[in-house]
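In what follows, a single structure is set out as structure tokens and then discussed.
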Amino acid sequence: MIVADDEGHCRVLMKAVLASMNCDVVGEARTGDEAIELYRKYRPNLLLLDVNMPVKTGDEVLEELLAEFPDAFVVVLTSVTDMESIEKCISMGAANYIRKDTPVAEIKMIIKETWKSILDQRKKTVTH
Amino acid sequence: MNERLLSELKNGQLANPQVCKIMTLLMEQWAKEKDHEIKQQLLRSTVLRYADAESKLAEMNRTKNRFVGLVAHDLRNPLVSIRGLSELLLNDGNDPLSAQQRDFLTTIYSASNSMLTLVNDILDMAVMESGNLRLQVRRQSLSRLIRERVKVNAIPAKEKRISLEQHFSRLPNLSFDRNRISQVLDNLIGNAIKFSPEQARIAVSLSRRNGTAIVSVHDQGMGIAREDQAQLFSGGAGLRNEPTGGEKSTGIGLTIVRKIIEEHKGTLTVESEVGIGSTFSFTLPLEGKRVE
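Going down the list, the sequences are from chains A and B.
Be aware that the first sequence starts at 0, since it is given in numbering that gives the first Met the number 0, and climbs by one per residue.
Be aware that the second sequence starts at 0, since it is given in numbering that gives the first Met the number 0, and climbs by one per residue.
Take a look at the structure:
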């Protein structure tokens, strides 16, 4: 997993949430560019991507990543104030979004359910 | 005639009654012109003052928006991390905490959670009062959203051994802002949990009546006195009810809920009886024929 957020405490929180779900965090990015670079290097199962980041914004990262890796599993992190960007990210191909003020138990639930639905979709695609 | 009178005036023939008459006429004319001039000056000065006040108001509004933005980013996000990390430590089964550590962490979690709720409520009120509440409306399943929010709220309900029931009528998809209606459901279900005793039952139902979808949250809490019900949707100052499990309540959540529902062209109502329980219901207009 990779966590991309320009705020250190948000990265600490998201890494801790993923660790509590027994997920390995292989990298953390502070800018959009770093997120793309780390993704190319590690090809993680999941990228938790903040929408509002310096150098490249979340939607710019998403566009570039999905063009290169159409199967990328990206969950977008957002503040309430960024909610308008979310519809754009979802329509571009983000698997889901998580509002940053969501309680931890619900964050875990969203990640688990989104991951499960992605796996189900992929299984269906392989079967057909 | 007037020229003759003026000439008499110039020649110092002031005793002439006609001169007195024209003097009076001239004075009246002068007074009218002066009065008009003063009124014009007052009007110009009022317009200038108004423009100045408008400019100051716009500047104050910009300052407020900058402040709200600062609060949104620089205060809320760290609070989210403090709450989240304390929650993770409290639930970390691999590394048992001492009783004191658990007590301190519970206080950190509870205080940061209350502050976060308050900050979110203040930001929402600011957005709504500035008229900037922009709904992102899409046709979708309301029952699916209710199931999701009931599932999420089952986590805090479990701590008080409260059971959450769901009853759904078959309804077509309808148009609403998913995030805002989630906020409404979380608030109503959350309040029902906060104000219910342990092991109580809460029922969330979805039905239809007269072209509207009706969502009701019924609890077996302490109920709200009739004289307090009017204050519920206007800030809740002076309400006597307190959460049963030491939870916090800002009192402005229901004001926000009502504004969200009104923006959706719906209504929010409450029926309550002290010692029996409360039912909060909101409506959303039904449209179209697509069935879920």
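Virtual Cβ for every residue (Gly too), placed ideally from N, Cα, C.
In three-state terms, what does DSSP make of residue i?
| i | result |
| --- | --- |
| B/Q182 | helix |
| B/E272 | strand |
| B/A191 | helix |
| B/F66 | helix |
| A/D4 | coil |
| B/D94 | coil |
| B/T105 | helix |
| B/I255 | helix |
| A/T30 | coil |
| B/I296 | Outside the shown range of chain B, which is 0 to 291, sits residue 296 of chain B, and nothing can be said about it. |
| A/V25 | coil |
| B/L285 | coil |
| A/S84 | helix |
| B/P16 | helix |
| A/T101 | coil |
| B/P171 | strand |
| B/Q198 | coil |
| B/R148 | helix |
| B/A229 | coil |
| B/N119 | helix |
| B/K157 | helix |
| B/S113 | helix |
| B/K292 | With chain B covering 0 to 291 only, the question about residue 292 of chain B has no answer from this structure. |
| B/S129 | coil |
| B/V290 | Because B/V290 sits at a pLDDT of 38, beneath the cut-off of 50, its placement in the model cannot be relied upon, and the following sentence gives the value as read from the coordinates. B/V290 falls in the strand class under three-state DSSP. |
Measure the alpha-carbon distance for residue i versus residue j and round it to whole angstroms.
| i | j | result |
| --- | --- | --- |
| A/G57 | A/G31 | 7 Å |
| B/T282 | B/I213 | 5 Å |
| B/N178 | B/H35 | 58 Å |
| A/M0 | B/A50 | 56 Å |
| B/E262 | B/N64 | 22 Å |
| A/V125 | A/L118 | 10 Å |
| B/G287 | B/Q39 | Unreliable positioning characterises B/G287 in this predicted model, as indicated by a pLDDT of 49, which lies under 50. A coordinate reading is not provided. |
| B/N60 | B/F66 | 10 Å |
| B/S271 | B/T106 | 32 Å |
| B/R208 | B/L285 | 9 Å |
| B/D218 | A/L61 | 44 Å |
| B/L184 | B/G222 | 19 Å |
| B/A98 | B/L89 | 11 Å |
| B/L295 | B/I37 | Because chain B spans 0 through 291 in this model, residue 295 of chain B falls outside it and cannot be assessed. |
| A/I175 | A/I97 | A query on residue 175 of chain A cannot be resolved here, the shown segment of chain A reaching from 0 to 127 and no further. |
| B/K31 | B/A57 | 38 Å |
| A/P53 | B/L134 | 27 Å |
| A/V25 | A/M108 | 21 Å |
| B/S113 | B/F194 | 16 Å |
| B/S85 | B/G210 | 46 Å |
| B/F167 | B/E226 | 32 Å |
| A/I85 | A/T77 | 8 Å |
| A/Y38 | A/L46 | 8 Å |
| A/Q120 | B/S142 | 23 Å |
| B/S109 | B/P77 | 15 Å |
| A/N51 | A/E63 | 16 Å |
| B/E164 | B/S215 | 12 Å |
| B/T254 | A/E59 | 37 Å |
Which bits of chain B does residue i rub up against, with CB to CB less than 7 Å?
| i | result |
| --- | --- |
| A/C9 | N76, S80 |
| A/A66 | By Cβ distance, chain B contributes nothing, its closest Cβ being about 26 Å from A/A66, past 7 Å. |
| A/K99 | N76, V79 |
| A/E86 | Q135 |
| A/E6 | N76 |
| A/L118 | Under the 7 Å cutoff, chain B gives no residues; its nearest Cβ is about 20 Å from A/L118. |
Give the DSSP bridge partners of residue i, in chain order.
| i | result |
| --- | --- |
| A/V16 | Its beta-bridge partners do not exist; DSSP assigns none. |
| B/S204 | B/H166, B/S215 |
| B/V136 | B/D176 |
| A/N95 | A/V74 |
| B/F279 | B/V216, B/V269 |
Counting only Cβ pairs nearer than 8 Å, list the residues of chain B close to residue i.
| i | result |
| --- | --- |
| A/K122 | Result: empty, since nearest Cβ-Cβ is about 22 Å, beyond 8 Å. |
| A/L45 | Those do not exist, as A/L45 stays about 18 Å from chain B at its closest Cβ, beyond 8 Å. |
| A/L61 | Within chain B, no residue comes near A/L61; the closest Cβ sits about 18 Å away, beyond 8 Å. |
Identify the contact partners of residue i in chain A, using a Cβ-Cβ distance below 8 Å as the criterion.
| i | result |
| --- | --- |
| B/I121 | What B/I121 touches in chain A: nothing, since even the nearest Cβ is about 12 Å away. |
| B/L115 | D100 |
| B/V203 | Simply none; closest approach about 17 Å. |
Taking Cβ-Cβ distances shorter than 9 Å, what residues in chain A pair up with residue i?
| i | result |
| --- | --- |
| B/E86 | P102, V103, A104 |
| B/I154 | P102, A104, E105, M108 |
| B/V214 | None at all; the shortest Cβ gap to chain A is about 20 Å. |
Give the residues of chain B in contact with residue i, contact being defined as C-beta atoms less than 9 Å apart.
| i | result |
| --- | --- |
| A/V16 | G83, L87 |
| A/S19 | L87, N90, D91 |
| A/L48 | Those do not exist, as A/L48 stays about 16 Å from chain B at its closest Cβ, beyond 9 Å. |
Check the Cβ of residue i against every Cβ in chain A and list those closer than 7 Å, keeping chain order.
| i | result |
| --- | --- |
| B/V269 | Near B/V269 there are no residues of chain A at all, since even the closest Cβ is about 26 Å away, more than 7 Å. |
| B/V183 | Ordered by position in chain A, no residue passes the 7 Å Cβ test against B/V183, which lies about 15 Å from the chain. |
Every unbroken alpha helix (DSSP H) inside the stretch 22-90 of chain B [4 residues or more]
76-89
Residue ranges of each alpha helix (DSSP H) run of no fewer than 4 residues wholly in the stretch 43-81 of chain A, ordered along the chain?
57-67
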